[in-house]
Amino acid sequence: MSGDPGRRPVSGEPARRVELDPETVGRDLASLVLTVVELLRQLMERQALRRIDQGDLDEEQVERLGLTLMALEDRMAELREHFGLTPEDLNLDLGPLGPLLSNE
Numbered sequence: 000m001s002g003d004p005g006r007r008p009v010s011g012e013p014a015r016r017v018e019l020d021p022e023t024v025g026r027d028l029a030s031l032v033l034t035v036v037e038l039l040r041q042l043m044e045r046q047a048l049r050r051i052d053q054g055d056l057d058e059e060q061v062e063r064l065g066l067t068l069m070a071l072e073d074r075m076a077e078l079r080e081h082f083g084l085t086p087e088d089l090n091l092d093l094g095p096l097g098p099l100l101s102n103e
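Note that numbering that gives the first Met the number 0 gives residue 10 to position 11 of the sequence shown, counting from 1, and the numbers run on in steps of one.
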């Protein structure tokens, strides 16, 4: 009977229960959220560089954009440190597609 909670999985059969550790759930959630934020930060940075290269921004806008992106990067480093994460922890492996985040 597959719905029996006391039943042990047969070799090769995936376990039916998910073991949750309250101490790692917060870190794992933070890792996922910070991965999404880092992806968006990198996309914003690339878009900003394109706009600068195209000459769409004046000097003041370039300065503000640069300061904003640097502040966001610093805050990301603080959050990673707070949760005990490294930049590599945020870079999901997408299998044949390669890593999610750019290493540039």
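C-beta atoms are modelled at their ideal positions from N, C-alpha and C, and glycine is treated no differently.
Values in this document were obtained by computation on a predicted structure and should not be read as measured data.
Would you kindly report the start and end of the unbroken alpha helix (DSSP H) that includes L28?
Stepping through the sequence shown from its first residue, residue 28 is reached at position 29. L28 -> alpha helix (DSSP H) spans P21 to Q53.
Please list, in chain order, all residues of the same chain as L93 whose beta carbon is under 7 Å from its beta carbon, the five residues on each side excluded.
Along the sequence shown, read from residue 1 onward, the residue named residue 93 stands at position 94. Non-local C-beta neighbours of L93 in its own chain, meaning closer than 7 Å and more than five positions away in sequence, comprise L99, ordered along the chain.
Beta-carbon separation of T34 and L91 under 8 Å?
As a working mapping, residue 34 is identified with position 35 in the sequence shown. As a working mapping, residue 91 is identified with position 92 in the sequence shown. It is a contact, given that the beta carbons lie within the stated cut-off.
Using a Cβ distance threshold of 8 Å, determine whether the stretch 38-52 contacts the stretch 62-81, with at least three qualifying pairs required.
Contact holds: three or more Cβ-Cβ distances are below 8 Å.
Using 8 Å as the threshold, is the stretch 74-88 in touch with the stretch 21-40, meaning 3 or more CB pairs across them?
yes
With 16 other CB atoms within 10 Å as the buried threshold, where does L89 fall?
Position 90 of the sequence shown, counting from 1, holds the residue named residue 89. Buried, by the Cβ-count rule.
Out of D57, L31 and E59, point me to the one whose CA is closest to E87's CA.
Residue 87 sits at position 88 when you count from the first residue of the sequence shown. Of the candidates D57, L31 and E59, the one whose C-alpha sits nearest the C-alpha of E87 is L31.
What's the gap between the Cα of G54 and the Cα of D20?
Translated into the one-based positions of the sequence shown, residue 54 becomes position 55. Translated into the one-based positions of the sequence shown, residue 20 becomes position 21. Each residue's Cα considered, the two are about 51 Å apart.
Determine the extent of the alpha helix (DSSP H) in which E80 is found, giving its start and end residues.
Taking the sequence shown and counting its residues from 1, the one referred to as residue 80 is at position 81. In the DSSP assignment, E80 falls within the alpha helix (DSSP H) that extends over E58 to H81.
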